[in-house]
Structure formats: structure tokens, C-alpha cells
Amino acid sequence: MSMHKQAVIDIVKNIFTYYGYSVSSSSMCDLLAEKDTERLLIKFENDPNTNSARYFSNIAQRYRGKGVLVSESFDEKIRLFALDDGLMLWDRSELESQIGRAVLGGMVPGEKVTLKEKINSTTMQVPAETQTSKTEYE
């Protein structure tokens, strides 16, 4: 079952708003989330590929932001590219996790973890034998 774009965008907007970001629509991506000096460009894609991920990552870098690509799932090539390029990927599992954190954080006073802390603590585990440089994708 594929995810409905507008429903996902609305949920992602609520998550970032909960964490104190100013969230708006943008012509270069689906959402622009800003807080202090941090700028996140967020884009939903039903069927992402390495070229679309690279294009979006370049836009995010051009606007001095960090890209967050949201989709049902990502193949290994996109995951490796994202790891190499600093692009954040939110698949269905990560989206569900973020929804849960926001809901539970709102229910437990004093237990609110900032999204920035979550982003900084998130690492993607890629087996060493599959790690490659981004030049392989070009």
C-alpha cells in the first residue's frame, strides 16, 4: 500500500511544528522547516531514484540546508548515496518512529527530545563491504 503524498506532507509538517520549527510550503520542495540557523528542505517522492535524490540534495545544498527525502522505501543505491552526501531519508519505518516520538513526547511532560538531537543521533548502518563513494553513481 503506497503512502498518499498530501497526508504524509501534513503529518511531516505536524512533526516539525511540534519540535518548534517554522514550517512553510516552498517552490523548491514540499516543505521548508526552519529553526534558529537550521534549514531543512523536505520532499516526498513516491518512486525515488538516485538521480532524483542527487538533484534534491543539490538543491538543499544550494540553499544552505539539509535535505530530508520521504518515501515508502529506498533501495540500497539511494541509501548509499544519501549516506555519502548527507541526505536524510525517512522511509515508512522512520516516519512511523517520528510520529510515535512526537505523540509520546507530547503526552509525557519534560520528556520532549528535540528533533535536532534525534537527527544528530541517527546513523544509518551500512555493512562495510557495501560502502562506496558517490563517484560510482555518476
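In my numbering, the protein residues as written are 86 to 223. Even glycine gets a Cβ: it sits at the ideal position worked out from N, Cα and C. This structure is a prediction, so every number in the text was calculated from the model and none was measured.
Residue i (DSSP reduced to helix, strand or coil)
i, result
"E130", "coil"
"E196", "At E196 the pLDDT is 49, less than 50, meaning the model places this residue with poor confidence; the figure from the coordinates comes in the next sentence. Here E196 sits in coil by DSSP."
"S111", "coil"
"L125", "strand"
"L168", "helix"
"E119", "strand"
"G150", "coil"
Check whether residue i and residue j have beta carbons under 8 Å apart
i, j, result
"A167", "A138", "yes"
"L172", "S142", "yes"
"L180", "V153", "no"
"K120", "S107", "yes"
"G185", "Y103", "no"
"F159", "D170", "no"
"K224", "L125", "Not covered by the structure: residue 224. The range shown for the chain is 86 to 223."
Cβ separation of residue i and residue j, assumed to be a contact under 8 Å, to the nearest whole Å
i, j, result
"D115", "I96", "12 Å between Cβ atoms; not a contact."
"N134", "S87", "No, N134 and S87 are not in contact; Cβ-Cβ is about 16 Å, not under 8 Å."
"I94", "Q183", "The pair is not a contact, with the Cβ atoms about 14 Å apart (cut-off 8 Å)."
"Y148", "M113", "7 Å"
Closest residue to residue i among the options (Cα-Cα distance)
i, options, result
"S178", "L165, E157, R164", "E157"
"F129", "A187, K98, L165", "K98"
"A145", "S111, L165, R164", "S111"
"N136", "A187, L189, L165", "L165"
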